[in-house]
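Worksheet: the structure to be examined is printed underneath.
Protein chains: 2
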Amino acid sequence: MAGDKLPSEAQLMKHYEVARMTARQAIQELRSEGRVVAEQGRGVFVSQPVQVRRLASERFARRHREAGLAAFGVEAEKTGFTPRVDQLEVSTASPPDEIRDRLRLGDGGDVVVRSRRYLADGQPVETAVSYVPASIAAGSPIVADDTGPGGIYARLEELGHELDHFTEEVSARMPTADERRRLQLTDGVPVMVVLRTAYDTTGRPVEVCDTLKAAPAYVLEYDIPAR
Amino acid sequence: MAGDKLPSEAQLMKHYEVARMTARQAIQELRSEGRVVAEQGRGVFVSQPVQVRRLASERFARRHREAGLAAFGVEAEKTGFTPRVDQLEVSTASPPDEIRDRLRLGDGGDVVVRSRRYLADGQPVETAVSYVPASIAAGSPIVADDTGPGGIYARLEELGHELDHFTEEVSARMPTADERRRLQLTDGVPVMVVLRTAYDTTGRPVEVCDTLKAAPAYVLEYDIPAR
DNA sequence: GAGTGGTCTAGACCACTGC
DNA sequence: CAGTGGTCTAGACCACTCA
Numbered sequence: 050m051a052g053d054k055l056p057s058e059a060q061l062m063k064h065y066e067v068a069r070m071t072a073r074q075a076i077q078e079l080r081s082e083g084r085v086v087a088e089q090g091r092g093v094f095v096s097q098p099v100q101v102r103r104l105a106s107e108r109f110a111r112r113h114r115e116a117g118l119a120a121f122g123v124e125a126e127k128t129g130f131t132p133r134v135d136q137l138e139v140s141t142a143s144p145p146d147e148i149r150d151r152l153r154l155g156d157g158g159d160v161v162v163r164s165r166r167y168l169a170d171g172q173p174v175e176t177a178v179s180y181v182p183a184s185i186a187a188g189s190p191i192v193a194d195d196t197g198p199g200g201i202y203a204r205l206e207e208l209g210h211e212l213d214h215f216t217e218e219v220s221a222r223m224p225t226a227d228e229r230r231r232l233q234l235t236d237g238v239p240v241m242v243v244l245r246t247a248y249d250t251t252g253r254p255v256e257v258c259d260t261l262k263a264a265p266a267y268v269l270e271y272d273i274p275a276r
Numbered sequence: 050m051a052g053d054k055l056p057s058e059a060q061l062m063k064h065y066e067v068a069r070m071t072a073r074q075a076i077q078e079l080r081s082e083g084r085v086v087a088e089q090g091r092g093v094f095v096s097q098p099v100q101v102r103r104l105a106s107e108r109f110a111r112r113h114r115e116a117g118l119a120a121f122g123v124e125a126e127k128t129g130f131t132p133r134v135d136q137l138e139v140s141t142a143s144p145p146d147e148i149r150d151r152l153r154l155g156d157g158g159d160v161v162v163r164s165r166r167y168l169a170d171g172q173p174v175e176t177a178v179s180y181v182p183a184s185i186a187a188g189s190p191i192v193a194d195d196t197g198p199g200g201i202y203a204r205l206e207e208l209g210h211e212l213d214h215f216t217e218e219v220s221a222r223m224p225t226a227d228e229r230r231r232l233q234l235t236d237g238v239p240v241m242v243v244l245r246t247a248y249d250t251t252g253r254p255v256e257v258c259d260t261l262k263a264a265p266a267y268v269l270e271y272d273i274p275a276r
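Chains as they are written, first to last, in my numbering: chain E, 50 to 276; chain Y, 50 to 276.
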């Protein structure tokens, strides 16, 4: 059953009369299928079935920001999980080219970088890095650890950048070893990469958010007009 | 470079003065990221990069249908690849529950099923299965092998179902062995699943399309209003 | 047959967990 | 501290590829 502990490697070796690496590999099979999770110093446990979070584009509606909810909070309330954010780091730096292009920055412009990890019921499900032009964010709550009710987007609107629309670029791939660790993914679990750009009503890109989601935990929903 | 052969395990052991299992594990990291592919008896090779196709939601604009282009044709023209469709199968059947729900069919309603595979420059990149209620499609060009200029959506509009909008549900996972064969994927390459539902102006769902895309070949672009 | 990756045994030290 | 999984060395046999 979910949460149950598997026999330890030592027990498996004894019981099946195999070498440790053989027992480990059997466990590795289960891990790569995502059926069990290893915790160092504790044991190997049968995975909790992954609850799927449906992310509708509705999560960026202004009324949510006005109600003091950031996007992850909207999903938490809707899906009924307990949200948490950790590994928060805020800095000012020169952005990667990919980001620079999307923000239409010249060669010189720095950005405020907000990196964090999102957890649902204690389980890491997403990492996100936001980039806001320093010319917009400097001295605002966007550089504070806690951006306040409604998150970055609410603060951007208070700074006079009324949001008009977002674009999201969605792709999927296997995670790097680092990413796998940070999202506590087992082998063989892919990630979705969502690169979101926020535009204000003047058409200026005011934020780019680079997110990495544990693929099994998410379904993204989008609405497309037939025009 | 792509296609290049990595040093063999024996060479790595000698060069870095490590045990074989250590060299193997380093290679395993790269394999799980899909960056290299191991072939028994031959060696380990750098994966071929797949050309990325950006799929903007714009591909469903009515003007394209009126110009006689289906969505895949729009992308082909924009990206400059040669499109091809094969493995086409058309039938009438009782749909899976997942589809039945989205089409809001009663227990009895059959659907026309159009299954096909898309190739770009000869390389399989996507499989798709469309489901249209038989009550709509029966006797129309939708059941023909060639649906004609503008594809299914153009025919649906001619049948009086003017399209209003689509929803797309995007997820990612590892392919099954069958799916891997059909898309000619190597080990460790994930797929994106896009389930699209088309609604007419009366709010009725008139088609569901279940697509499977080779993840490395695609970036999906969506536009989200801030409202 | 030489070279390759796939799999296995046997044993070591380490880092982390929880009592 | 004992028990756990993480990582490493050292060596073996096998299946497969290719000249």
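Glycine included, C-beta positions come from ideal geometry on N, C-alpha and C.
Worksheet entry | Sequence ranges, alpha helix (DSSP H) only - wholly within the segment 109-181 of chain E, length at least 4 | For the segment 109-181 of chain E, whole alpha helix (DSSP H) runs of length 4 or above, ordered along the chain, are 111-115, 120-128, 146-151.
Worksheet item: What does serine 220 of chain Y touch in chain E if you count any residue whose Cβ is under 9 Å from its own?
Response: By Cβ distance, chain E contributes Val101, Ala221, Met241, Ala264, Pro265, Tyr267, Val268, Leu269.
Worksheet item: Quick one: which chain E residues come within Cβ less than 7 Å of proline 274 of chain Y?
Response: Ordered by position in chain E, the residues that pass the 7 Å Cβ test against proline 274 of chain Y are His214.
Worksheet item: Anyone know if the C-beta pair for valine 162 of chain Y and alanine 183 of chain Y falls short of 7 Å?
Response: Contact flag unset, no.
Practice prompt. Anything in chain Y within Cβ reach of threonine 225 of chain E, meaning under 8 Å, just list it in chain order.
Written response: What threonine 225 of chain E touches in chain Y: Glu82.
Worksheet item: At least one CB of chain Y closer than 7 Å to the CB of serine 96 of chain E: is that the case?
Response: It does not; no Cβ of chain Y falls within 7 Å.
Discussion item. Is alanine 21 of chain Y close to chain E? Criterion is C-beta to C-beta, closer than 7 Å.
Written reply: Examination of residue 21 of chain Y is not possible in this model, given that chain Y is present from 50 through 276 alone.
Worksheet entry | 7 Å Cβ cutoff, phenylalanine 109 of chain E in contact with chain Y | Chain Y, which has a Cβ nearer than 7 Å to the Cβ of phenylalanine 109 of chain E, makes this yes.
Worksheet entry | Within chain E, the residues that glycine 237 of chain Y reaches when beta carbons sit closer than 7 Å | In chain order: Met223.
Discussion item. Quick check on the DSSP output: the beta strand (DSSP E) that includes aspartate 195 of chain E runs from which residue to which?
Written reply: Unbroken run through aspartate 195 of chain E: none, as it is neither H nor E.
Worksheet item: Would DSSP call serine 189 of chain E helix, strand or coil?
Response: When secondary structure is reduced to three states using DSSP, serine 189 of chain E falls in the coil class, being assigned neither helix nor strand.
Fill in: Between the CA atoms of alanine 72 of chain E and glycine 237 of chain E - distance to the nearest angstrom
Rounded to the nearest whole angstrom, the C-alpha separation of glycine 237 of chain E and alanine 72 of chain E is 19 Å.
Discussion item. Check whether chain E comes within 7 Å of glutamate 175 of chain Y, counting only Cβ atoms and requiring the distance to be less than that.
Written reply: Look at glutamate 175 of chain Y: its C-beta is not under 7 Å from any C-beta on chain E.
Worksheet item: Under 7 Å, do alanine 264 of chain E and valine 255 of chain E count as touching if we go by C-beta distance?
Response: Not in contact: alanine 264 of chain E and valine 255 of chain E (Cβ atoms no closer than 7 Å).
Practice prompt. Residues of the segment 65-79 of chain Y with a CB closer than 7 Å to any CB of chain E: list them in chain order, please.
Written response: Correct list: Glu78.
Worksheet item: At which residues does the alpha helix (DSSP H) containing serine 81 of chain E begin and terminate?
Response: Taken as a continuous stretch (DSSP letters only), the alpha helix (DSSP H) holding serine 81 of chain E covers 69-81.
Discussion item. For serine 81 of chain Y, tell me which candidate among E:Arg276, E:Ile76, E:Ile273, E:Leu234 has the shortest Cα-Cα distance.
Written reply: Answer by Cα proximity: E:Leu234.
Practice prompt. Thinking valine 243 of chain E and valine 192 of chain E are a contact (beta carbons under 8 Å), I'd like their distance in whole angstroms, please.
Written response: Contact doesn't hold; Cβ gap of about 24 Å is too wide.
Fill in: Option in E:Ala142, E:Leu137, E:Tyr180 with minimal Cα separation from leucine 152 of chain E
For the residues E:Ala142, E:Leu137, E:Tyr180, the minimum Cα distance to leucine 152 of chain E belongs to E:Tyr180.
Worksheet entry | Cβ pair count under 8 Å reaching 3, the segment 84-98 of chain Y against the segment 53-62 of chain Y | Touching, yes, given that three or more Cβ pairs across the two stretches are closer than 8 Å.
Practice prompt. For glutamate 217 of chain Y, return the contacting residues in chain E, with the cut-off set at a CB-CB distance below 9 Å.
Written response: For glutamate 217 of chain Y, the residues of chain E that pass the 9 Å Cβ criterion are Leu269, Glu270, Tyr271, Asp272, Ile273, in the order they occur in the chain.
Fill in: the segment 60-75 of chain Y touching the segment 121-136 of chain E, judged by at least three CB pairs closer than 8 Å
No, they do not touch.
Worksheet item: Taking all protein chains shown into account, do 16 or more other C-beta atoms lie within 10 angstroms of the C-beta of arginine 230 of chain Y, making it buried, or fewer, making it exposed?
Response: So arginine 230 of chain Y ends up on the exposed side.
Fill in: Beta-carbon proximity of threonine 250 of chain Y to aspartate 213 of chain Y, cut-off 7 Å
A contact, by the Cβ cut-off of 7 Å.
Item to complete: Let me know the secondary structure DSSP gives leucine 261 of chain E once reduced to three states.
Response: In this structure, leucine 261 of chain E counts as strand in the three-state DSSP scheme.
Worksheet entry | Own chain residues within Cβ distance below 6 Å of proline 198 of chain E, not counting five before or after | So the qualifying residues of the chain are Gly117.
Worksheet item: Based on the DSSP output, what are the partners of threonine 216 of chain E in its beta bridges?
Response: In the DSSP assignment, threonine 216 of chain E forms a beta bridge with E:Thr246, Y:Asp272.
Worksheet item: Looking at the structure shown, is alanine 87 of chain E part of a helix, part of a strand, or coil, going by DSSP?
Response: The DSSP-derived three-state label of alanine 87 of chain E is strand.
Worksheet entry | Of the listed residues Y:Ala177, Y:Glu270, Y:Ser220, nearest to leucine 104 of chain E (C-alpha basis) | Of Y:Ala177, Y:Glu270, Y:Ser220, the residue nearest in Cα terms is Y:Ser220.
Practice prompt. Could you spell out the range, first to last residue, of the beta strand (DSSP E) harbouring leucine 104 of chain E?
Written response: Element bounds for leucine 104 of chain E: 102-105.
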